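Visitor: Residue numbers (our numbering): 90 to 306.
Even glycine gets a Cβ: it sits at the ideal position worked out from N, Cα and C.
In this text the structure is predicted, and so the values were computed from the model without any measurement.
1) Are residue 258 and residue 280 touching if we call contact CB-CB under 8 Å?
2) With DSSP as the reference, label residue 206 as helix, strand or coil.
3) State the Cα-Cα distance for the pair residue 165 and residue 184, rounded to the nearest angstrom.
4) From the DSSP output, read off the bridge partner residues of residue 232.
5) Taking the alpha helix (DSSP H) that residue 187 falls in, what are its first and last residues?
6) Can the beta-carbon of residue 253 be found closer than 8 Å to that of residue 139?
7) Could you tell me how far apart the beta carbons of residue 112 and residue 304 are, in whole angstroms, since I believe they sit closer than 8 Å?
8) Can the beta-carbon of residue 271 be found closer than 8 Å to that of residue 106?
9) Considering residue 98, what are the terminal residues of the alpha helix (DSSP H) in which it resides?
10) Could you tell me the alpha carbon to alpha carbon distance between residue 124 and residue 147, rounded to whole angstroms?
11) Report the rounded CA-to-CA distance for residue 177 versus residue 167, giving the unit in angstroms.
12) To the nearest angstrom, report how far apart residue 188 and residue 237 are at their CA atoms.
13) With distances taken Cα to Cα, identify the nearest neighbour of residue 207 among 160, 218, 233 and 173.
14) To test your reading of the DSSP string, which unbroken alpha helix (DSSP H) runs of 4 or more residues are found completely within the stretch 123-184?
15) Taking the Cβ atom as the reference point for each residue, do residue 241 and residue 216 lie within a distance shorter than 8 Å?
16) From the DSSP output, read off the bridge partner residues of residue 267.
17) Where does residue 255 fall in DSSP's three states?
18) What are the boundary residues of the beta strand (DSSP E) that residue 219 is part of?
19) In angstroms with no decimal places, state the Cα-to-Cα distance between residue 222 and residue 266.
20) Nearest to residue 275 by alpha carbon, out of 245, 286 and 134?
21) Taking residue 190 as the reference, give the member of 144, 250 and 277 with the closest Cα.
22) When the Cα of residue 203 is compared with those of 153, 91, 300 and 102, which residue comes out closest?
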């Protein structure tokens, strides 16, 4: 059995890291807590295309908000984006240059448009995991908080009594959180809900660009 939460987390990370086209982040900053584990599945062909752009400029929160605003929109005036971001002319010019240089948007005179997902969004899915040896009610609450940005949030527990696991399963079903139990030799899924589509948030684009950068190394 596991003596510490770190052992539980490390065991799960080892299990997931063996899977193809998978990147794992531990204690990723989300601006609303730090999940123990974030598992990102990605499209390798999009990664390859993006790496070819070879742009090393900074990607900050303002850029991720810009992409969130442009997502699923047709051509819009640059002025509309400037108003949304509440920046001046010089700042919006730099933002547009950054995004265009990264190959994330198209520009035509005073109009801009985000490129198609299949050209720029490498993320296939984001799975968030919160692990605890005990205190299962608290960990379910933690996992539920992450549903604002992830299409799958899970609770990771060690093997506990049948009574506790049953109560935890019921609470997970109510909150839309999945439950997995890690034993000595295998990981068992106890509660599973259908994945939602990717959620368009600034964090989605921040993880996407960080993924490109880290896989480029």
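Guide: Considering the structure as presented:
1) yes
2) helix
3) 15 Å
4) DSSP lists no partner for residue 232.
5) 178-190
6) no
7) 7 Å
8) no
9) 94-106
10) 24 Å
11) 12 Å
12) 25 Å
13) 160
14) 133-142, 150-159 and 167-174
15) yes
16) 243
17) helix
18) 212-220
19) 17 Å
20) 245
21) 144
22) 153
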